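For the sequence shown, my numbering assigns the number 1 to the initial residue and increments by one for each residue that follows.
Quick reminder that beta carbons are idealized off the backbone N, C-alpha and C, glycines included.
Bear in mind that the values here come from a model prediction, so they are computed numbers and not experimental data.
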Amino acid sequence: MVEVSELAASALVQSLQASGVDPEQGFRLTRQEDRFALEIDNPGTEDLVIKHEGAIALIVDPDTQDEVGDVLIDVEDRPDGPQLMMRGKASQE
């Protein structure tokens with residue numbers, strides 16, 4: 001199952017709000033060639049929708065959920081600034 005840390009969810013929602021995105025939309029986790037990316041989209045009925053303070057932070061369709069497995073999306077501090085990271089939850093234990 002895909003989970004999102006509080007810090008990452010907050011960053012996603014703040015980014016959407018700052019960009020003036022419709023409140024009914026959020027970031028969708030998608031597969032683009034050899035990596036995962038985020039695109040703005042509307043949730044579908046089968047999607048996992050992760051909210052933060054009532055706003056949509058992340059949308060994940062069932063196929064993508066199956067592909068990524070048990071992961072945590074979090075924020076990691078890097079020399080060039082904070083970045084979103086996706087880590088397998090098994091590595092967190």
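What is the C-beta distance between residue i and residue j, in whole angstroms, given that I count them as a contact (C-beta under 8 Å)?
i   : j   : result
L58 : V4  : 6 Å
K89 : V71 : 6 Å
Cα separation between residue i and residue j?
i   : j   : result
E93 : L16 : At E93, the pLDDT of 46 sits below 50, so the modelled position is not reliable; the number obtained from the coordinates is stated separately. Whole-angstrom Cα-Cα distance: 31 Å.
G69 : A18 : 30 Å
D41 : P79 : 30 Å
F36 : I73 : 12 Å
Using only alpha-carbon positions, find the residue among the options that is nearest to residue i.
i   : options       : result
S10 : K89, L84, G88 : L84
D66 : P43, T30, D80 : T30
D61 : I73, D47, D74 : D47
D77 : V2, L7, M1    : L7
Hey, could you find the ends of the alpha helix (DSSP H) residue i is sitting in?
i   : result
D34 : No alpha helix (DSSP H) contains D34, which DSSP labels as neither H nor E.
V68 : 62-68
Starting from residue i, trace the beta strand (DSSP E) in both directions and tell me its first and last residue.
i   : result
E76 : 71-76
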